[in-house]
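Student:
Numbering (UniProt numbering), first residue to last: 1 to 125.
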């Protein structure tokens, strides 16, 4: 699996550099997401702008990322979905579960807003 990782203080950006998100790629993607989570990364942005095709196993790996971040009190955000992948997410009704935004900047803004909200909730206790 070809990918790049860009680690920041509050989040990590994982860019998948593959044309397909299918059963050949998903085991490695799931392993990478689990590894990031065990390293303490709870906010993950997954950039799928290079992906032209995804199947059900690809969707499964996205749900793994979502669950890991949610259980860690973080967020899992997808960016750069092309129309075919976005349609698959919508048809499978995962657009109600997964957070999808258009750009990395939007994803970063969303993470910082979430972090501020968590800090405010801690202070009000």
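From the three backbone atoms N, C-alpha and C, an ideal C-beta is built for every residue, glycine too.
Just so we're clear, the structure is a prediction, and the values are computed from it rather than from any experiment.
Who are the Cβ neighbours of residue 20 in its own chain at under 6 Å, not counting the five residues just before and after it?
Tutor: So the list reads 53, once near-sequence residues are dropped.
Student: According to the Cβ coordinates, are residue 33 and residue 65 closer than 7 Å?
Tutor: In contact: residue 33 and residue 65 (Cβ atoms closer than 7 Å).
Student: Report back the beta-carbon spacing between residue 77 and residue 101 to the nearest angstrom; my notes put them in contact at under 8 Å.
Tutor: Their Cβ separation, rounded to whole angstroms, is 6 Å, which keeps residue 77 and residue 101 in contact under 8 Å.
Student: For residue 35, is the classification buried or exposed, using 16 other Cβ atoms within 10 angstroms of its Cβ as the cut-off for buried?
Tutor: That one is exposed.
Student: Between which two residues does the alpha helix (DSSP H) holding residue 118 run?
Tutor: It spans 104-123 - the alpha helix (DSSP H) in which residue 118 sits, taken as one unbroken run.
Student: Which residues does DSSP list as the beta-bridge partners of residue 7?
Tutor: According to DSSP, residue 7 bridges with 12.
Student: Using C-beta distances below 7 Å, list every residue in its chain close to residue 60, excluding the 5 sequence neighbours before and after it, in chain order.
Tutor: Once the five neighbours on either side are set aside, the close Cβ partners of residue 60 are 26.
Student: Between which two residues does the beta strand (DSSP E) harbouring residue 46 extend?
Tutor: Taken as a continuous stretch (DSSP letters only), the beta strand (DSSP E) holding residue 46 covers 44-47.
Student: So within the stretch 51-101, which uninterrupted alpha helix (DSSP H) runs reach at least 4 residues, ignoring any that extend past its ends?
Tutor: Taking only runs of at least 4 residues, the alpha helix (DSSP H) segments lying wholly in the stretch 51-101 are 56-71 and 83-91.
Student: With a threshold of 16 other CB atoms inside 10 Å of the CB of residue 96, please say whether the residue is buried or exposed.
Tutor: Classification for residue 96: exposed.
Student: Does residue 21 come out as helix, strand or coil in the three-state DSSP assignment?
Tutor: Residue 21: strand per DSSP, three-state reduction.
Student: Report yes if the CB atom of residue 80 is closer than 7 Å to the CB atom of residue 57, and no otherwise.
Tutor: No. Outside cutoff.
Student: Taking 6 Å as the cut-off, does the CB of residue 4 come closer than this to any heavy atom belonging to the ligand HEM?
Tutor: Only the bare structure without any ligand can be found here, which leaves the ligand HEM out of the picture.
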